[in-house]
Structure formats: C-alpha cells, structure tokens
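Protein chains in written order, with the UniProt record's numbering: chain A, 1 to 435; chain B, 1 to 411.
C-beta: ideal position from N, C-alpha, C; glycine also.
Predicted, not measured: the structure shown is a model, and the values here were computed from it.
Input: a single structure, listed below in structure tokens.
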Amino acid sequence: MLDRTVAPPVQPLARVTLPAAEVLSLPSGARLHVLANNAQPVVRLQLVFRAGKTAEPRPGLASLTARMLLEGTTTRTARQIADEVAFYGASLECDAGFDRSTLTLYCLTRHLPALLPLVSDVLTNPAFPEAELEQLKTRTIQNVRVERQKTSFLASERFNELLFGSHTPYGQPFDSDAYQALTAAEAQQFHHTAYALSNAEIFLCGDVAAEQALVAHAFSVVPAGGETVVPVPAASAATEAETAVDVPSNRVVVAGSLQASVRMGRDWPAPTHPDTHRLKLLVNVFGGYFGSRLMRNIREDKGLTYGIYASVAPRERSTNLIIGTDVKGESADFTVREIEMEMRRLQEELIPADELETVKNYLLGKFANELSTVFEQCDKYKTLVFMNLPSDYYTEFVQQTEAADAETLQKLAQQYLTPAAMKVVIAGPVEGPAD
Amino acid sequence: MISFQEFTLDNGLRCIVHEDFSTPMAVLNVMYDVGSRDEDAEHTGFAHLFEHLMFSGSVNIPSYDEPLQRVGGENNAFTSSDVTNYYLSLPAANLETGFWLESDRMLNLAFSENGLEVQRKVVVEEFKQSYLNQPYGDVWLKLKPLAYQTHPYQWNTIGKEISHIENAVMDDVRGFFRKHYAPQNAILVVAGAVSEAEVRRLAEKWFGPIPGGPAYQRQLPTEPAQQEPRHLRTSAPVPLSALYKAYHMPARSDEGYHAVDLLSDVLGRGKSARLHQRLVKELALFNNISASLTGSLDPGLLVISGKLNAGVALEAADAAVEAIVAEFTAQDVDAQELEKVKNQAESSLVFGEIDLLNRALNLAYSKLQGDAHLVNDESRRIQAVTVADVRTAAESILRPENCSTLYYEAV
C-alpha cells in the first residue's frame, strides 16, 4: 500500500558548473567571448560598451544615444532598419543601463551572416536624424509620465534617490526637462567617445561554432576615421554625501491609491566580498523565495500582499539590498514594522536546521535550472566579466552555500541586516509619520 | 521538432514524456481542463482563486512548497480563461518528489478554512496590484464585456469584481474540486532528463490509484455574431488617452486561425508593422500601437491597442486606424510583407523551443486541443498561409460591425 504521507527520499543534487567561454582579443581591441551550444539553431550577439548612466556627461544622454542607434544610419533609415530586422525574424535592440549599454541581436543562426552588416552599420554609422530624435524624446517623456502613475515606480525611484543621492548616476530620477533639452550633436559626440569598438566586450552565444570567425571579422577593424578613445573614468563612488538640504522625503503620497508600495534597503557588500555567497543565502532565507520569512509572514499568514521579496542588486560601483512589496493601502507602516521584526529574528535566533537545508537545496537547484539555456549561461558569465569576479566564483557559490552554518548566518544578520541602517520609502495613499 | 511519447492511465490521465538528456533537470507540468470560462457568472474569479488554494495543503501533505524546495525544485501556476496549469522544475534525480506532490493534490485537498481566508485576501491584493492600482489596468475589465455579451469570456480570469472573491466559501471550493480536478480532466507532461519507462512507472505508482470518473462536459453558450459596431467611452486620470479595437475571430484550432495570426502581425507586430510605421512614425498620432490575438480555444479576439500622443483626439486617432485597417480589405498584402511575418513567426517558434518548460507546456496545450502532434505542425500551418488567405481573413474579420471600440480618455 502506497503511503502518501512519506516523502520520497531526497537524492543529492548533481554538481553543475558554468561552461567556460572562449575569449578572443580582436585586432580592434575588442574582446569576443564565445559560448557555443548547438541545442537550438539560434544565436544571441551582444556588444557591450561602457556607455551607461555612469558614463554620461548629461542626464539621460546614455539612454537617448543607445535608443537612437536603431533610428537611422548614414545609409539606412529607421524604417529600413526595422524592416530588415523583421524580415529575418530577428530582434535588434540597444539599451543603456546604469553602467553599460548593450546592443543585442537575437536571430536564427542561418540569418546571422545576412544581419551582421546591419549590426555593424547601426553601431558605427548612426546618423541621429532630428525628426526621429524629437519623436523618441516625446515618446520617452510620455512613457515616464505613465510610469509615474504607479506607486511601485515612484517608490523605487525615491528609494534610489535616498540611497545613492539625487545627483548621482544611480540615484538621479528621470528629468523630463533635461531630457527634452538633449541634442543630436550631444548624442553624436557621446556615441563617438563611448561606443569605441576598442572598448567593446562582445558576447556571442548559441549555435555559433561555424559563425564565430565571421563575427570576429566583422568587429576586428576600427572604422575609417579612427576612434577617439576616452580614458575610462575612475570608478568613483556612485553615492554622495547627503546634505540635510536636499534629502527628499521618504513618503510619496498618491491620493486614492488602493495599495502602498514599500521599498527598504541599504548598501550591501559587493560580490567580490568574502561573505557574498553566505549573504546571498541569508537574504534568501529572509525574502528570496516563496517560502521565505517575509513571504510566509506578510502574504501567507496575514494576506496583506500578493508578494514580497528581498534581493541583492549588484552594480559595478555599488551593491545594495532591496526589499519590495505592494501592500494593502493602510498597512504599509505595519508591514515595515513586521519586516524589521523579521530582521531582528534573524539576528536573535539561529535559523532552524530544516529551514536552512531547504533554502540551500532550493538555491542550488535553482542555480542548476538557471544554467539550462545557453543564454542564461552567458548572462552568468557576463556577471563574472563586469563585476570583476574570479572564474571559480560559481564553484565557490556551490561549495560555500553547502557549507554555510546557522551561527555564521546569524553573525552576518547582526552585522548587515540591521533595521536602523535601512532606508525606507513608502509610496501610497496616506501620509504617515516620516521616519 | 519536439519528440515525445504518450500513454493514458486507466483512470483517464493523459501522459506525455519528452526526453532531453542535455539538461540535468526535469519538469513536470499538469494542465487541468478548466479556466475562468467554466465559472458561474455569479462566482467569477473562482478558477484562479482555486489555483491559489492548490498550494494550501493537500490531503496527505500539509505544505506543497517546502518539500519541493527541499529537493532543489521550484514551481508556479497560472490560470487563463481556458486552462489552469501547474508546473515545477527540479533536478531530475528528485523527479519522484514532484510525482508525490502533484498526485496528492489531484487526489484530494486539505480544504483548510484558514488557507481559504488568507488566499481570498491575497487574491484581492493581486486584483488591486494588477488591475485596479495600475494606469490602464482596468482596460480588459471594460473591453471584454463589450466584445462578449453571451460567452463567459466576458469576464476576466481575475474575476468581474472583488466581491466575487470575497464571497467565496468552502462549499464552492469542494464542489469545484470534485467537478474539475480529476485525472480524466488533466494532462501530465514530464520532460527533461527522464526516460519514458521511468515516467510510466512513476505515473502508474502515484497517479494510477486516483479514481477516475466521467469527464467534465463543457457546454458553454456560443457568442452570437456581432451585428453592429459597439462603442464605449470611459475616462481615467492617466497621462495619455488610449484606443482599443477588438474584432471577433476564429478559435485557436480553426483552419483560418493562422491567416488571422499573420494578418495581425502585418498590422501590428513590432516597429516594421503598418500601424507603427504609419501612426507612430509618419503621422505621429500615437505614442505606441500594436495588434495581437487573445489566442483562446473558443473564438477569440484580434485586438489593436495604442496610446495616443498628447493633444491627439480619440476620434481622429480611431479614424486613422480604420483607414489602415480598410487597406487590408481593399487590396492584397505584399508577398514580401507576408514572407516577413512568416519569418517572424518561424523565429518565435524556434526560440519558444529553447526553454524545456515551454516545450512541456506546448505539448500539454496541443494535447488539450486533441492531438499532441499539433505542436510540430505549427510551422507547416504558418507557411501554408497565402496572400489570398490573408485577404479572406481580413474581409471576414476587419469589418466595422465586427468591432468593439473602447475610448479610454485621459482626464
């Protein structure tokens, strides 16, 4: 007779590792990183430049420049670019993040040779046509207006301001007037300096064994006219000392809102820190998965939210902890107190052995699952490259996660998970007492 | 091409195995043949609320999530108007834990009063987070009842209103479980580093003993053909006015479905599509505009949706959209334009097969439509569409009297 009350025995998890990438230095100075995997006849090609917010001379210029690459070259109109990409069933986008900008092509492997000249063209010969620039600015400003209707957006924006400072690349809110004032000449100039092929990190992954040489060739030669390579600015801190004058309020009042968005967090040790893997484990116990302390308390016990999460956001110049949830409108302050209570529990009590075992296995299984596709493998590999991590980083993650003990995690909680160190932002319907 | 084997247990559970030993993982997908279309008009949102309750403990296992996490697995579920789908991924060595968990909640639930009370609150917060507290979040709550006046697609999966969720009682939960959650109403797909023989053994062991019964017989009212244009004007404190146009179209399994799919792509898939090129770029009437299908199992909708640039009147924007729509009935699409959207569709199919879970889901969905082999027939059906087919589809669908138009005005 089948006894359904007894779980099947737990089998040990097989060790998985990130496949090694092949790295080629191209004559242009660019590095080409290749992860070949022929499971599906597809390719992802990414060209990454130090052209994010941390590199922009004026607020918004990085984002505008990145998106203008697809809006016309010296020989192709925006329409022709869109048509060509679509005709091959491909996707081509360029976006700027905080630290880098990335031009990404997805396509079937068989179309890569036909698409490479287009990729090369948008990268090296963007024309920044005025009409497209004005339309793009208008659309972007309108889209931000829509986003600012959302308590979740407002809370995140204010949180970054409080954590990093309003005038830093990581903390600066979107400024419509500044964006509207940007010119094609500025974008052209930023492109000329920040998109130098000699500084590019190129990532090619998928079914690419036969196409690797083509890609290497396409990005080997610095375009005629040469490049102005600007020295990379020193990695100054992305945060600034705040003066009492410009500290924004931690309350954003949205009259009539049905929910309040809560964002809490603080600066956090970078991935290069010796405790990084144990801290990841601790944050997962706290709020990193469906069975986490926060989820069980705020959702599964009290029913105040659809979800609540804590995670670590690593950036090249600063890493932070972020706790986020959208809760029933009048429950925001109560939720903050409960979150703080869960921090103190982790400081005061050892994590029970059962729970720790569960979170370790969950994390290790999730890691194996995240290596399932070559695109995900490449994303993990990119983290190594951009965060300056050693090649055995993920091996260390597996080993240190397995070996972590409750006493060490408690000490880390006492050191880092301290309620008093947290910035708290609430965007919602009622004005509460400011902290 | 997705390879698979299939078998059916004596209790009616349809099982499909897709072996892929290139990964150390396995996925287990259970699709129940029940969605919000099967709900009572006075108890909408129930299929989805029930999905939440499936995680509140089963008859022999108090917690669903914890034992799965303990073996390195993770899971989730979704409810649509057509189906309720539960899926988990875990290291293949621990596949049996997935069978243990999924079979127990198909066998019976714990029916915890506390679980129901908490999940009612959680779903109410989900309703607010996804629909009521978002700019434009209530669009579908308004558009669906305009387009569907008889068929249950008139309400959304989240429900018509919050009170339907707040008023759900345990008797409803038990009745819903008895009616829909049985092996003969479900499809099990196991994929990844698993052998067909092992899956068969585990399926017999864990799901085999669950009693079967007569399958649920769906008898839903048919939506009568729309006879005249419908209009609704609403307003909300949003920055940009928005326009939505929904045209009735054939069901997912209909012969003509793929022609409409490609027609929709020519109209509004991405930046090279006609709507974007003409209305965002050339005339600058819209901030963005696109077209898509609901893709439902019963006859669905082709929906054009766009946000207007500030200062543009809804009537002018609507007229401009209708002028483009009219081109499709006045003349054939270009052969090259059709080839383009076929290439896009082909690409989507190939990229859709990268993810193991997605392959499992597509197998289950094809089986639900009657034949798992449909999963490998999509490409042929797309390629078979001709310029004349697209014209025919446009003539039958893109008619003003077949359209429901929603003006969502910024105030």
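Using 9 Å as the limit for Cβ to Cβ distance, is residue i near chain B?
i, result
"A/Pro375", "Reading the sequence as shown, one finds Phe at residue 375 of chain A and not Pro. Yes, because at least one Cβ of chain B sits closer than 9 Å to the Cβ of A/Phe375."
"A/Cys205", "no"
"A/Glu300", "yes"
"A/Glu211", "no"
"A/Tyr306", "yes"
"A/Pro12", "yes"
"A/Ala234", "Because the pLDDT at A/Ala234 is just 48, under 50, the model does not fix this residue reliably, and the point stays unresolved."
"A/Asn361", "yes"
"A/Ala237", "Unreliable positioning characterises A/Ala237 in this predicted model, as indicated by a pLDDT of 48, which lies under 50. The coordinate reading is nonetheless provided below. No - not a single Cβ of chain B is within 9 Å of the one on A/Ala237."
"A/Gln135", "yes"
"A/Ala90", "yes"
"A/Asp405", "no"
"A/Leu258", "yes"
"A/Lys380", "no"
"A/Gly287", "no"
"A/Phe87", "yes"
"A/Glu242", "Residue confidence for A/Glu242 is low, a pLDDT of 46 falling below 50, so the modelled location carries little weight; the figure read from the coordinates is stated next. A/Glu242 does not count as touching chain B."
"A/Phe290", "yes"
"A/Thr358", "yes"
Measuring only between beta-carbons, confirm whether residue i sits less than 9 Å from chain A.
i, result
"B/Met1", "no"
"B/Gln184", "no"
"B/Glu74", "yes"
"B/Ile61", "yes"
"B/Gln277", "yes"
"B/Trp206", "yes"
"B/Glu125", "yes"
"B/His18", "no"
"B/Tyr136", "yes"
"B/Asn288", "yes"
"B/Arg269", "yes"
"B/Gln383", "no"
"B/Val118", "yes"
"B/Asp65", "yes"
"B/Ser272", "yes"
Let me check one thing: in DSSP terms, what residues is residue i bridge-paired to?
i, result
"A/Ile322", "A/Gly265 and A/Ser311"
"A/Phe49", "A/Ser101"
"B/Arg14", "B/Thr8 and B/Ile187"
"A/Ala427", "A/Val252 and A/Ser261"
"A/Asp95", "A/Thr102"
"A/Ala36", "A/Gly206"
"A/Thr77", "A/Gly72"
"B/His231", "B/Thr405"
"B/Ile304", "B/Lys245 and B/Ala291"
"B/Phe286", "B/Leu308"
"A/Thr305", "A/Val327"
"A/Pro126", "A/Thr73"
"A/Cys107", "A/Val43"
"A/Ser25", "A/Arg31"
"B/Gly192", "B/Glu19 and B/Ala26"
"A/Glu201", "A/Arg31 and A/Val48"
**OP:** Count the C-beta pairs between the segment 371-382 of chain B and the segment 107-124 of chain A that are closer than 8 Å, then say yes if the count reaches three, no if not.
**Re:** Three or more Cβ pairs closer than 8 Å define a contact, and the segment 371-382 of chain B falls short of that threshold against the segment 107-124 of chain A.
Original post:
Got a sec: which bits of the segment 24-50 of chain A sit with their beta carbon under 8 Å from any beta carbon on chain B, in order along the chain?
Top reply: Here the close residues are Ala39, Gln40, Pro41 and Val42.
**OP:** Using a Cβ-Cβ cut-off of less than 7 Å, list which residues of the segment 329-363 of chain B approach chain A; keep chain order.
**Re:** Sequence-ordered contacts of the segment 329-363 of chain B with chain A read Lys340, Asn343, Gln344, Glu346, Ser347, Val350, Phe351, Glu353, Ile354, Asp355 and Leu356 [C-beta pairs closer than 7 Å].
**OP:** Determine contact between the segment 31-44 of chain A and the segment 121-129 of chain B, defined as no fewer than three beta-carbon pairs at a distance below 8 Å.
**Re:** The segment 31-44 of chain A vs the segment 121-129 of chain B: no contact.
Subject >> Interface residues of the segment 298-310 of chain B facing chain A [CB-CB below 9 Å] >> reply: So the close ones are Lys307, Asn309 and Ala310.
Original post:
Just by C-beta distance, which residues in the segment 82-109 of chain B are closer than 7 Å to chain A?
Top reply: Of all residues in the segment 82-109 of chain B, Ser89, Leu90, Pro91, Ala93, Asn94, Glu96, Thr97, Trp100 and Asp104 have a Cβ within less than 7 Å of some Cβ in chain A.
Original post:
For the segment 224-251 of chain B, which residues have a beta carbon sitting closer than 9 Å to at least one beta carbon of chain A?
Top reply: Using a CB distance below 9 Å, the part of the segment 224-251 of chain B facing chain A consists of Pro237, Val238, Pro239 and Leu240, ordered along the chain.
Subject >> Length at least 4, wholly inside the UniProt domain "Peptidase M16 N-terminal" (19-131) of chain B: the alpha helix (DSSP H) runs in chain order >> reply: The UniProt domain "Peptidase M16 N-terminal" (19-131) of chain B contains these whole alpha helix (DSSP H) runs: 46-53, 65-70, 95-107 and 113-127.
Original post:
Where in the segment 312-393 of chain B do unbroken runs of the beta strand (DSSP E), each at least 3 residues long, occur, reported from the N-terminal end onward?
Top reply: List check, beta strand (DSSP E) in window: nothing returned.
**OP:** Could you tell me whether the segment 179-194 of chain B touches the segment 313-327 of chain B, where touching means 3 or more Cβ pairs closer than 8 Å?
**Re:** Segment contact: the segment 179-194 of chain B against the segment 313-327 of chain B, fewer than three CB-CB distances shorter than 8 Å; contact not assigned.
Original post:
How do the segment 282-292 of chain B and the segment 364-371 of chain B stand: do at least 3 beta-carbon pairs fall below 8 Å, yes or no?
Top reply: Between the segment 282-292 of chain B and the segment 364-371 of chain B, the count of Cβ pairs shorter than 8 Å is below three; the stretches do not touch.
**OP:** Indicate whether the contact test is met: 3 or more Cβ pairs, each with one atom in the segment 124-136 of chain B and one in the segment 247-262 of chain A, closer than 8 Å.
**Re:** The count of Cβ pairs closer than 8 Å, one atom from the segment 124-136 of chain B and one from the segment 247-262 of chain A, reaches three, so the stretches are in contact.
**OP:** Count the C-beta pairs between the segment 416-425 of chain A and the segment 151-171 of chain A that are closer than 8 Å, then say yes if the count reaches three, no if not.
**Re:** For the pair of segments examined, the segment 416-425 of chain A was found to touch the segment 151-171 of chain A: the number of CB pairs separated by less than 8 Å reaches three.
Subject >> Stretch-stretch touch, CB-based, cutoff 8 Å, three pairs: the segment 74-92 of chain B with the segment 28-42 of chain B >> reply: Short answer: they touch.
Original post:
For the segment 147-178 of chain A, which residues have a CB atom closer than 9 Å to at least one CB atom of chain B, in sequence order?
Top reply: Listed by position along the chain: Glu147, Arg148, Gln149, Lys150, Thr151 and Ser152.
**OP:** Flag this pair as touching only if the segment 324-331 of chain A and the segment 99-114 of chain A have three or more C-beta atom pairs under 8 Å; answer yes or no.
**Re:** Result no; under three Cβ-Cβ pairs closer than 8 Å.
**OP:** Note down, in chain order, all residues in the segment 98-118 of chain A with a beta-carbon under 9 Å from any beta-carbon belonging to chain B.
**Re:** Flagged, chain order: Tyr106, Cys107, Leu108 and His111.
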